[in-house]
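Colleague: Numbering (full-length UniProt numbering), first residue to last: 1 to 233. Yeah, the Cβ is synthetic: ideal placement off N, Cα and C, and Gly gets one too. Note that the structure is predicted; figures quoted are calculated from it, not measured.
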Amino acid sequence: MTTWKIEPCFVGDAAALARNNMAAFWEDPNWVILWPKDMTQEFIIEQSAKRQPRNLLRDREKVRHQKAVDPITGAVVGYARWILPPGHCIAEDGSPKWVEAQVPDVSEDEKKQYQELAESAWWSPREDMSLDDKNHVVMDRIRAEKPYIKLDYLAVHPESKGKGIGTALVASGIKYAEKVGVPIFTMAFKAGRGIYARLGFQEVDKVIQDDSMYGGPGEYAAYFMIYYVQRKV
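1. Count the other C-beta atoms from every protein chain shown that fall within 10 angstroms of the C-beta of Arg81, then say buried if there are 16 or more, exposed otherwise.
2. Shorter than 8 Å, the distance from the beta carbon of Gly87 to the closest heavy atom of the ligand MN, or not?
3. Tell me which residues share the same chain as Pro217 and place their Cβ nearer than 6 Å to its Cβ, disregarding the 5 neighbours each side in the sequence.
4. Leaving out the 5 sequence neighbours to the left and right, which residues in its chain are closer than 7 Å to Ser212 when beta-carbon positions are compared?
5. Compute the distance between the beta-carbons of Val77 and Lys134, then report whether it is under 9 Å.
6. Classify Gly215: buried if its beta carbon has 16 or more other beta carbons within 10 angstroms, exposed otherwise.
7. Look at the alpha carbon of Tyr114 and the alpha carbon of Val11, and state the distance between them as a whole number of angstroms.
8. What does a CB cutoff of less than 8 Å around Val233 pick up in its chain, not counting 5 residues either side in sequence?
9. In or out: Gly194 buried (at least 16 other Cβ within 10 Å) or exposed?
10. Which two residues bound the contiguous beta strand (DSSP E) that contains Ala222?
11. Check Ala177 in the structure and name its three-state DSSP category.
12. Please name the residue in Lys5, Lys175, Ala191, Ile90 whose C-alpha comes closest to that of Gln102.
13. Does the distance from the CB of Lys5 to the CB of Val69 come in under 9 Å?
14. Where does Arg64 land, buried or exposed, given buried means 16+ other C-beta within 10 angstroms?
15. In whole angstroms, what separates the C-alpha of Glu100 from that of Met187?
16. Helix, strand or coil: which one does DSSP assign to Lys150?
17. If I measure Cβ to Cβ from Ser48 and keep anything under 6 Å in the same chain, skipping five residues before and after, which residues do I get?
18. Taking the alpha helix (DSSP H) that Thr136 falls in, what are its first and last residues?
19. Near Leu34, what residues of its chain come up, given a Cβ to Cβ distance below 7 Å and the 5 sequence neighbours on each side ignored?
20. Would you identify the three-state DSSP class for Arg58, choosing helix, strand or coil?
21. How many angstroms separate the CA atom of Lys175 from the CA atom of Thr40?
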């Protein structure tokens with residue numbers, strides 16, 4: 001079985017991450033209904049690529065990014081975004097925690113260029129859907145209980161599904177969580193639920209809604225899952 005390389009992300013990964021992430025989410029009918037029916041996957045990928053550098057540099061103090069790389073081809077085949085909780089971003093010596101997953105900083109001029117590039121993208125998903133309102137209520141309640149590392153985003157390219165890539169990315173985060181003694185929280189959808197369960201996450205709540213009124217397949221399910229570590233925060 002292939003051993004996937006888990007590496008940090010750089011702003012230069014923008015195009016590869018856009019293609020990986022948008023292709024992954026294009027498989028989700030609940031996500032596709034956010035966009036006009038005549039919108040193509042390729043167009044969304046192009047627009048996402050314009051936004052990726054800015055997104056990778058946003059909130060660098062607390063956000064961490066990882067990519068899974070095919071060791072043979074060097075292609076990006078998966079991506080994970082993590083958010084560290086308050087009080088767990090900076091070490092006592094002032095250095096960033098989990099620095100190996102922090103995107104390297106760029107100059108102010110480059111940041112300005114990336115901001116302008118992001119603003120040039122067409123990115124207007126529909127806003128008439130209120131399905132995530134209930135999810136945010138549950139998520140906020142759970143995250144208020146104690147500090148959690150949040151697994152905020154997980155995407156594996158459709159052509160690489162079922163090869164252990166998502167598992168490798170999540171396992172990398174678990175390794176760090178065990179090291180620092182901070183549990184992990186994630187809101188999972190059906191596609192990723194099995195990965196989390198196999199790795200030891202426990203389901204603590206769920207919200208099942210009907211999205212057929214918005215043109216969806218009928219069920220929009222969110223599963224709230226926690227990976228508990230041995231050490232206490």
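Modeller: According to the data block:
1. Taking the first residue of the sequence shown as position 1, residue 81 is located at position 81. That one is buried.
2. No copy of the ligand MN occurs in the structure displayed, which carries no ligand at all.
3. For this step, residue 217 is matched to residue 217 along the sequence shown. Excluding positions up to five away in sequence, the list reads Pro29.
4. Working through the sequence shown from its first residue, we reach residue 212 at position 212. Cβ within range, chain order: Gly218.
5. Taking the first residue of the sequence shown as position 1, residue 77 is located at position 77. Taking the first residue of the sequence shown as position 1, residue 134 is located at position 134. No, Cβ-Cβ distance for Val77 and Lys134 is not below 9 Å.
6. Taking the sequence shown and counting its residues from 1, the one referred to as residue 215 is at position 215. Gly215 should be labelled exposed.
7. Position 114 of the sequence shown, counted from the start, is the residue given in the question as residue 114. Position 11 of the sequence shown, counted from the start, is the residue given in the question as residue 11. Distance between the alpha carbons of Tyr114 and Val11 is about 9 Å.
8. In the sequence shown, counting from the first residue as 1, residue 233 sits at position 233. The predicted model places Val233 with a pLDDT of 48, which falls under 50 and marks its position as unreliable; any figure quoted below should be read in that light. Excluding positions up to five away in sequence, the list reads Lys146, Pro147, Gly181, Val182, Pro183.
9. Here residue 194 is taken as the residue at index 194 of the sequence shown, counted from 1. Under this definition Gly194 is an exposed residue.
10. Translated into the one-based positions of the sequence shown, residue 222 becomes position 222. From DSSP, the beta strand (DSSP E) with Ala222 extends over 220-227.
11. As a working mapping, residue 177 is identified with position 177 in the sequence shown. Helix.
12. Position 102 of the sequence shown, counted from the start, is the residue given in the question as residue 102. Among Lys5, Lys175, Ala191, Ile90, the Cα nearest to that of Gln102 is on Ile90.
13. For the purposes of this step, residue 5 is taken as residue 5 along the sequence shown, with counting starting at 1. For the purposes of this step, residue 69 is taken as residue 69 along the sequence shown, with counting starting at 1. Yes; because the gap between Cβ atoms is below 9 Å, this pair is in contact.
14. Residue mapping note: residue 64 aligns to position 64 of the sequence shown, counting from 1. It counts as buried.
15. Taking the first residue of the sequence shown as 1, we reach residue 100 at position 100. Taking the first residue of the sequence shown as 1, we reach residue 187 at position 187. Their backbone Cα atoms lie some 24 Å apart in a straight line.
16. Numbered from 1 along the sequence shown, position 150 holds the residue referred to as residue 150. Strand.
17. Position 48 of the sequence shown holds residue 48. Ala18, Met22.
18. Working through the sequence shown from its first residue, we reach residue 136 at position 136. The identity of residue 136 in the sequence shown is His, whereas the question assumes Thr. First-last of the alpha helix (DSSP H) with His136: 131-143.
19. Counted from its first residue, the sequence shown places residue 34 at position 34. Closer than 7 Å at Cβ, skipping near neighbours: Pro125, Arg126.
20. The residue labelled residue 58 in the question sits at position 58 within the sequence shown. Three-state result, Arg58: coil.
21. Counted from its first residue, the sequence shown places residue 175 at position 175. Counted from its first residue, the sequence shown places residue 40 at position 40. For Lys175 and Thr40, the distance between alpha carbons rounds to 38 Å.
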